[in-house]
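Position 189 of the sequence shown, counted from 1, bears residue number 188 in numbering that gives the first Met the number 0, the numbering being contiguous throughout.
Idealized CB from N, CA, C, for every residue including glycine.
Small disclaimer: the values here were computed from a predicted structure and weren't measured.
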Amino acid sequence: MGSFKGFDPNGFMLLEMNKFNDSRDFYESVKEDIKKMSIVPMRNLCADLSDELYRIDPKMNLVPTKMVSRVRRDTRYSKNKQMYRSNIWCMFMRDKHQWENFPCMWFEFFPDGYSYGVAMFRFDATGLGAFRQKLIEKPKEFRRALTSIEITGAQLFLDLFKKNKPDIEKVDDDLKIFYNAKDFGFTYHSNNMQKLIDGSIIEELTYAVRAFEPMYKFLSEITDELVAKGE
Numbered sequence: 000m001g002s003f004k005g006f007d008p009n010g011f012m013l014l015e016m017n018k019f020n021d022s023r024d025f026y027e028s029v030k031e032d033i034k035k036m037s038i039v040p041m042r043n044l045c046a047d048l049s050d051e052l053y054r055i056d057p058k059m060n061l062v063p064t065k066m067v068s069r070v071r072r073d074t075r076y077s078k079n080k081q082m083y084r085s086n087i088w089c090m091f092m093r094d095k096h097q098w099e100n101f102p103c104m105w106f107e108f109f110p111d112g113y114s115y116g117v118a119m120f121r122f123d124a125t126g127l128g129a130f131r132q133k134l135i136e137k138p139k140e141f142r143r144a145l146t147s148i149e150i151t152g153a154q155l156f157l158d159l160f161k162k163n164k165p166d167i168e169k170v171d172d173d174l175k176i177f178y179n180a181k182d183f184g185f186t187y188h189s190n191n192m193q194k195l196i197d198g199s200i201i202e203e204l205t206y207a208v209r210a211f212e213p214m215y216k217f218l219s220e221i222t223d224e225l226v227a228k229g230e
């Protein structure tokens, strides 16, 4: 049995109150309670998933303290100067400071629900070009990854280039939308807070991570191939 036992429901309200007060003094007064009720359980959740995640990608960052987001927002480059957030997330991916063109999986909770997903993240022009080539060469592998995701109920989101990319005629019509993507991913949303509280979300996440594995590997192979080529 793992260390994750669920989230204290009072923690969701406390995060919302902290965001509402938007005060350093208030945050300091509740910081330890937020850590106990939200941050530590999220780290425990990451730790309990680590064996499954390592099996998928041994290069993935699996240090729980580095996987979980902070409550304090970085407002330096944002027009929104609110200091604190009411949502907490954890990222299942390689170290973004060491790797370029990498995919990610994630889990996030809000005061009224949660979400998780898989996405193509931070792909530059070289990475996108390699993705398009792989889509031309291995369409069946990509379709199998899509089919695996479908069983989770996760929904597609994407950002498209305005003009068709070169050689788009080489892919079938059903894959053209991905061929023209700047980035894309799949996310599942739920308002079933009971799963967060009783801890059963860990079983759902384990199932989802396994379903996302083919897409994650399809994309991470691009990263490895580019590194091997020195690009």
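Next on the checklist: Please state the DSSP three-state secondary structure of A240.
Outcome noted: This structure does not reach residue 240, given that the chain is present from 0 up to 230, and the question cannot be answered.
Item to check | Cα-Cα separation, L195 to F6 | outcome: When rounded, the distance between both Cα atoms is 6 Å.
Item to check | Host alpha helix (DSSP H) of K18 (start-end) | outcome: Following the DSSP letters along the chain, one finds K18 inside the alpha helix (DSSP H) bounded by residues 8-20.
Checklist entry - From this set, T64, V29, W88, Q97, which residue's C-alpha is nearest K58's C-alpha? => result Residue Q97 is the option with its Cα nearest to K58.
Checklist entry - What is the rounded straight-line gap between the Cα of Q193 and the Cα of T222? => result One C-alpha to the other measures close to 38 Å.
Item to check | G112 - containing beta strand (DSSP E), residue span | outcome: If you look at G112, you'll find it in the beta strand (DSSP E) that goes 112-120.
Checklist entry - Where does the unbroken beta strand (DSSP E) through Q154 begin, and where does it stop? => result First-last of the beta strand (DSSP E) with Q154: 154-159.
Item to check | Residues bridged to M104 [DSSP beta-bridge criterion] | outcome: BP columns for M104 point to F91, V117.
Next on the checklist: Quick check on E212: buried or exposed, where buried means 16 or more other Cβ atoms within 10 Å of its Cβ?
Outcome noted: Buried is the call here.
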